[in-house]
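Colleague: Have a look at this one.
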Amino acid sequence: MLTSENKIMIHEPDFFRECGACKRVIGYPEAIREALQLAMQNDRRVFIMGQGVDDPYGMFGATKDLHREFGRERVFDTPLSEGALTGISVGAALAGMRPVYFHNRPDFLLLAMDQLVNHAAKWSYMFGGAVHVPMVVWACIGRGWGSAAQHSQALQGLFMHIPGLKLLMPSTCHDAKGLMLAAIDDENPVLIIDHRLNFNTTGLVPSGPYTVPIGRGIVRRPGRDVTVVAVSHLVTDAFHAAQDVSSQGIEAEIIDPRTLRPLDEELILASVAKTGRLIIADCGWKTGGVTAEIGALVAEKGFAYLKAPIMRLASPDLPTPAAGNLEEAFYVGRNDIRKAMIEIVR
Amino acid sequence: MTYPKKVLHKLLFDMMLIRRVQLAIESRYMDNEMKTPVHLCIGQEAVAAGVCAHLKKNDYISSNHRGHGHYLAKGGNLKALIAELYGRETGCSKGRGGSMHLVDTGAGHYGSSSIVGGGIPIGTGIGMAIKMQRQKRVSTVFFGDGAADEGVLYESINFAVLKKLPVIFILENNQYSVCSHISARQTGNSIFHALPAKMLPSKIVDGNDALAVYDASGKAVERARTGKGPSFIECRTYRIRGHAGCASQDVSGYRTAEEISQWGKRCPITSFQKMLLKKKMITENEIHKTEKKINSRIQDAFDYARQAAPPAPETLSANLFRE
Ligand SMILES: Cc1ncc(C[n+]2csc(CCOP(=O)(O)OP(=O)(O)O)c2C)c(N)n1
Ligand SMILES: [Mg+2]
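So the protein sequences, as listed, match chains V and Y.
The first sequence begins at 1 in the numbering used here and counts up one residue at a time.
The second sequence begins at 347 in the numbering used here and counts up one residue at a time.
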């Protein structure tokens, strides 16, 4: 399938998706766009802002041309001012609106940390529930073509640390739509961290509105030998790796947590109870990150199930290099997951 | 300019209430029952009172760590304020916020930030919501000279001007950020006074003169309410007490006793009372009665707060999220 950018799209693997008999195939950006369109049609309070949301790129297609349908008061470009604009979203949410604030890179969220962490995440608790902040912040991890150290950071570990923020990382077209709708429905600040590689896929997406529950992960592929918890685009890599090793008699169970906070602990623990082995694959850094947290969870609550040490696959603790060959050495993917699967069952 | 008696009495009442509440907190602070860092606004009462006199109940304010005055002038509940200082479940923030984090949505107060400058974009965003919802409300943002050091002020004003938001920026310049004088941090008048008036009308007023604050903010509120956009008012005032805590905890060495006493002579309440008496807009007896009324309300609030229950430990994790 070709998109407007004439890019070649890859159909996502045939993993478990929760979309019933649906046969409708659309691209990942269109799935998000459809969620936004439905949300804005159904709720006057919803609006979209961010740098370039109304430009010809339309946030990799996710917001493309929505301003034509809903007008520039509801879909608008912003000054760069990421710090203030995040606070402005908080204020708008307090006063009855439902902002969806788009950033094309998580790196830029670092300029918004004060409002995200000190304000949005605190407002409900700090005022005893008198106020709340229903807002969505979205950012897309960059990768490849020399994106380098300041345009490719996968900062989910940083945000997973913060009580008061919900953190979603979709991996399928179906979930990109359903989680966006769930995030907009939610009464609290929700951060969606997406990944540029997801945008190259097509998948099955029902046309109507539906939500994917926040806090509920999903088994993408059942297996008895090893549990692989993979995040974002690595779910696809893990799935392929599982197919690769299946011929060697290794059956891996692939878990897509979908939401990192709240995390579906039960799903992960139940799977490890069955397989006795755990690999965690994340596109962020290792130290103090998602793999560390999930590893600690299983060490704490599922130690007795383990037949082998937990294995963590994550980016090395380094800034992302620019040169193509170094980039390749930097990122973990299908091959690393496959090797880990073989090693852990040995 | 003549002012209705009602307005003058309201200004006086609010300033007296704010002052008396601050003094009452101070007098009990060393009992160590209010375990919260208080930032008293003694000497700055005219700013909150003068601005809020124009605001309706459903107008919004955005406030900061030194926020008791803003809260009270906007009509925030006194008992809930004192209970919050005592860390009670019946406090305005259920004992989760403390002195720096006050809220009273019924009075248009959606929570104050103790991150200096943090409330500025939030108040601006409230202004955007007002505009998007085609309401006639306004959003007033109170912040200090220290907050004016922060870049988020530039970003917020740029956006408010760009989108013509109904926001009134009130810079409460008491010349200090903790012990740091403004001259160590800024080079002169705020840059925002330099914008063309049709973009951002701005004014510097004597922040210890309730009527000067009232006049300037009246125009700003009117401008915001009629959809003409934001305004910027700098109120020059002075913090008589130390940065935080009560008088007996104040440190010396960063400002002269002479400076404090000079500003002490410019008490916004004493001068206002004198002026009203001279113009026969009030009598000594009326002032006395007001004072008695305020004192008894404060006494009630402290009695209420002290005997109120603290939050139950089982509720520790309540309200992290709205369901
Ligand atoms: C971002 C940030 N930096 C520093 C502090 C520490 N701090 C607390 S209050 C304060 C003084 C702020 O001065 P100003 O804004 O003028 O308000 P004032 O205390 O004078 O009312 C400082 C520096 C803080 N709370 N937040
Ligand atoms: Mg100050």
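Where a beta carbon is used, it is the ideal one built from N, C-alpha and C, also for glycine.
Counting beta carbon pairs with one atom in the region 359 to 376 of chain Y and one in the region 397 to 415 of chain Y, are three or more of them shorter than 8 Å?
Modeller: Cβ pair count under 8 Å is three or more, so yes.
Colleague: Taking beta-carbon pairs under 7 Å, can you tell me which members of the region 118 to 138 of chain V lie near chain Y?
Modeller: N118, H119, W123, S124, Y125, M126, F127, G128, G129, A130, V131 and H132
Colleague: Determine, using beta-carbon pairs with one atom in the region 93 to 107 of chain V and one in the region 29 to 48 of chain V, whether at least three such pairs fall under 8 Å.
Modeller: yes
Colleague: In angstroms with no decimal places, state the Cα-to-Cα distance between Y/L357 and V/P213.
Modeller: For the purposes of this step, residue 357 of chain Y is identified with residue 11 of the second sequence, where counting begins at 1. For the purposes of this step, residue 213 of chain V is identified with residue 213 of the first sequence, where counting begins at 1. Going from the Cα of Y/L357 to the Cα of V/P213 covers about 52 Å.
Colleague: In angstroms, rounded to a whole number, what distance separates the CA positions of Y/I468 and V/R338?
Modeller: On the second sequence, position 122 is the one that residue 468 of chain Y refers to. On the first sequence, position 338 is the one that residue 338 of chain V refers to. In a straight line, the C-alpha of Y/I468 is about 48 Å away from that of V/R338.
Colleague: Can you check DSSP and say which residues form a bridge with Y/N520?
Modeller: If you number the second sequence from 1, residue 520 of chain Y lands on position 174. Bridge pairing for Y/N520: absent [DSSP].
Colleague: V/H11 and V/G50 look like a contact to me (Cβ under 8 Å); what is the Cβ gap, rounded to whole Å?
Modeller: Here residue 11 of chain V is taken as the residue at index 11 of the first sequence, counted from 1. Here residue 50 of chain V is taken as the residue at index 50 of the first sequence, counted from 1. About 29 Å separates the beta carbon of V/H11 from that of V/G50, a gap too long to meet the 8 Å contact definition.
Colleague: Please list, in chain order, the chain Y residues whose beta carbon lies closer than 8 Å to that of V/N188.
Modeller: Taking the first residue of the first sequence as 1, we reach residue 188 of chain V at position 188. For the C-beta of V/N188, the chain Y residues within less than 8 Å are, from N- to C-terminus, F667 and R668.
Colleague: Could you tell me if the beta carbon of Y/I461 falls within a distance shorter than 8 Å of some heavy atom in ligand 1?
Modeller: As a working mapping, residue 461 of chain Y is identified with position 115 in the second sequence. Checking the Cβ of Y/I461 against ligand 1 gives yes.
Colleague: Within this structure, are the beta carbons of Y/I671 and Y/V498 separated by less than 9 Å?
Modeller: An answer regarding residue 671 of chain Y cannot be provided, because it is not within the stretch 347 to 669 covered by chain Y.
Colleague: With H, G and I counted as helix, E and B as strand and the rest as coil, what does DSSP make of V/W145?
Modeller: Sequence index remark: in the first sequence, residue 145 of chain V carries index 145 (1-based). If DSSP states are grouped into helix, strand and coil, V/W145 belongs with coil.
Colleague: Would V/V332 pass as a contact of V/R277 if the rule is Cβ separation under 9 Å?
Modeller: Sequence index remark: in the first sequence, residue 332 of chain V carries index 332 (1-based). Sequence index remark: in the first sequence, residue 277 of chain V carries index 277 (1-based). No, the Cβ-Cβ distance between V/V332 and V/R277 is not below 9 Å.
Colleague: Using CA atoms only, rank isn't needed, just tell me which of V/R24, V/A241, V/V345 and V/E327 is closest to V/S207.
Modeller: By 1-based counting over the first sequence, the position of residue 207 of chain V is 207. When only C-alpha atoms are compared, the closest one is V/R24.
Colleague: By how many angstroms is the C-alpha of Y/R571 removed from the C-alpha of V/A148?
Modeller: Against the first sequence, residue 148 of chain V aligns to sequence position 148. Against the second sequence, residue 571 of chain Y aligns to sequence position 225. The alpha-carbon of V/A148 is positioned some 48 Å away from that of Y/R571.
Colleague: Assuming Y/A562 and Y/E372 make a contact with CB atoms under 8 Å, what is their CB distance in whole Å?
Modeller: Within the second sequence, the letter at position 216 stands for residue 562 of chain Y. Within the second sequence, the letter at position 26 stands for residue 372 of chain Y. Contact flag wrong, Cβ pair sits at about 30 Å.
Colleague: To the nearest angstrom, how far is the alpha carbon of V/N188 from that of Y/R442?
Modeller: Along the first sequence, one-based indexing puts residue 188 of chain V at 188. Along the second sequence, one-based indexing puts residue 442 of chain Y at 96. About 18 Å.
Colleague: Compare the C-beta of Y/T486 with all C-beta atoms of chain V and state if any pair is closer than 9 Å.
Modeller: Here residue 486 of chain Y refers to the residue found at position 140 when the second sequence is read from its first residue. No, Y/T486 does not count as interfacial toward chain V.
Colleague: Taking the C-alpha atoms as reference points, what is the distance between V/D14 and V/A281?
Modeller: Mapped onto the first sequence, residue 14 of chain V falls at position 14. Mapped onto the first sequence, residue 281 of chain V falls at position 281. For V/D14 and V/A281, the distance between alpha carbons rounds to 20 Å.
Colleague: When the cut-off is 9 Å and only beta carbons count, does Y/M478 lie next to chain V?
Modeller: For the purposes of this step, residue 478 of chain Y is taken as residue 132 along the second sequence, with counting starting at 1. Judged by the 9 Å Cβ criterion, Y/M478 is in contact with chain V.
Colleague: Got a sec: does ligand 2 put a non-hydrogen atom nearer than 8 Å to the Cβ of Y/D491?
Modeller: Within the second sequence, the letter at position 145 stands for residue 491 of chain Y. Yes; taking the cut-off as 8 Å, the Cβ of Y/D491 has a heavy atom of ligand 2 nearer than that.
Colleague: Hey, does Y/E660 have any beta-carbon neighbour from chain V nearer than 9 Å?
Modeller: Counting from one through the second sequence, the residue named residue 660 of chain Y turns up at place 314. Interface annotation, Y/E660: not in contact with chain V, CB-CB separation never under 9 Å.
Colleague: Using the rule of at least 16 other Cβ atoms within 10 Å of the residue's Cβ for burial, across every protein chain shown, is Y/G534 buried or exposed?
Modeller: On the second sequence, residue 534 of chain Y is found 188 positions in, with the first residue counted as 1. Exposed.
Colleague: Is the shortest distance between the beta-carbon of V/T3 and the beta-carbons of chain Y less than 9 Å?
Modeller: Translated into the one-based positions of the first sequence, residue 3 of chain V becomes position 3. With a pLDDT of 45 at V/T3, under the threshold of 50, the predicted position of this residue should be treated as unreliable, and no value is reported.
Colleague: With V/A35 as the anchor, note down where its beta strand (DSSP E) starts and where it stops.
Modeller: Here residue 35 of chain V corresponds to residue number 35 of the first sequence, with the count starting at 1. No beta strand (DSSP E) contains V/A35, which is instead part of the alpha helix (DSSP H) from Y28 to N42.
Colleague: Give me the residue from Y/A392, Y/M474 and Y/T629 with the minimum Cα distance to Y/N554.
Modeller: The residue you call residue 554 of chain Y lines up with position 208 of the second sequence. Nearest option by C-alpha distance: Y/A392.
Colleague: State yes or no: is the C-beta of V/A84 within less than 9 Å of the C-beta of V/A176?
Modeller: Position 84 of the first sequence holds residue 84 of chain V. Position 176 of the first sequence holds residue 176 of chain V. It is not a contact, given that the beta carbons lie outside the stated cut-off.
Colleague: Hey, could you find the ends of the beta strand (DSSP E) V/M49 is sitting in?
Modeller: If you number the first sequence from 1, residue 49 of chain V lands on position 49. Element bounds for V/M49: V46 to G50.
Colleague: Run through DSSP, which three-state label would Y/D450 get?
Modeller: As a position in the second sequence, residue 450 of chain Y is number 104, starting the count at 1. Note: Y/D450 maps to strand in three-state DSSP.
Colleague: Mind listing, in chain order, the continuous beta strand (DSSP E) runs of no fewer than 3 residues lying wholly within the region 213 to 284 of chain V?
Modeller: 218 to 221, 226 to 230, 252 to 256 and 259 to 261
Colleague: Classify V/E34: buried if its beta carbon has 16 or more other beta carbons within 10 angstroms, exposed otherwise.
Modeller: The residue given as residue 34 of chain V occupies position 34 in the first sequence. Label assigned to V/E34: buried.
Colleague: Give me the Cα-Cα distance between V/L269 and V/V75, rounded to the nearest whole angstrom.
Modeller: As a working note, residue 269 of chain V is residue 269 in the first sequence. As a working note, residue 75 of chain V is residue 75 in the first sequence. Straight-line spacing of the CA atoms in V/L269 and V/V75 works out to 42 Å.
Colleague: For the region 383 to 401 of chain Y, which residues have a beta carbon sitting closer than 7 Å to at least one beta carbon of chain V?
Modeller: Within the region 383 to 401 of chain Y, not one residue has a Cβ closer than 7 Å to any Cβ of chain V.
Colleague: Whole angstroms are fine: how far does the CA of Y/T451 sit from the CA of Y/C438?
Modeller: To locate residue 438 of chain Y, count along the second sequence from 1; it is residue 92. To locate residue 451 of chain Y, count along the second sequence from 1; it is residue 105. Whole-angstrom Cα-Cα distance: 10 Å.
Colleague: With distances taken between CB atoms, is the gap from V/F16 to V/V219 smaller than 9 Å?
Modeller: Taking the first residue of the first sequence as 1, we reach residue 16 of chain V at position 16. Taking the first residue of the first sequence as 1, we reach residue 219 of chain V at position 219. Between V/F16 and V/V219, the CB-CB gap stays under 9 Å.
Colleague: Under DSSP, the beta strand (DSSP E) around Y/D646 begins and ends at which residues?
Modeller: Position 300 of the second sequence, counting from 1, holds the residue named residue 646 of chain Y. Note, Y/D646: premise wrong, no beta strand (DSSP E); alpha helix (DSSP H) at E630 to Q653.
Colleague: Would you report the Cα separation of Y/Q619 and Y/G610, rounded to the nearest angstrom?
Modeller: Walking along the second sequence from the start, residue 619 of chain Y turns up at place 273. Walking along the second sequence from the start, residue 610 of chain Y turns up at place 264. The C-alpha of Y/G610 is placed about 15 Å away from the C-alpha of Y/Q619.
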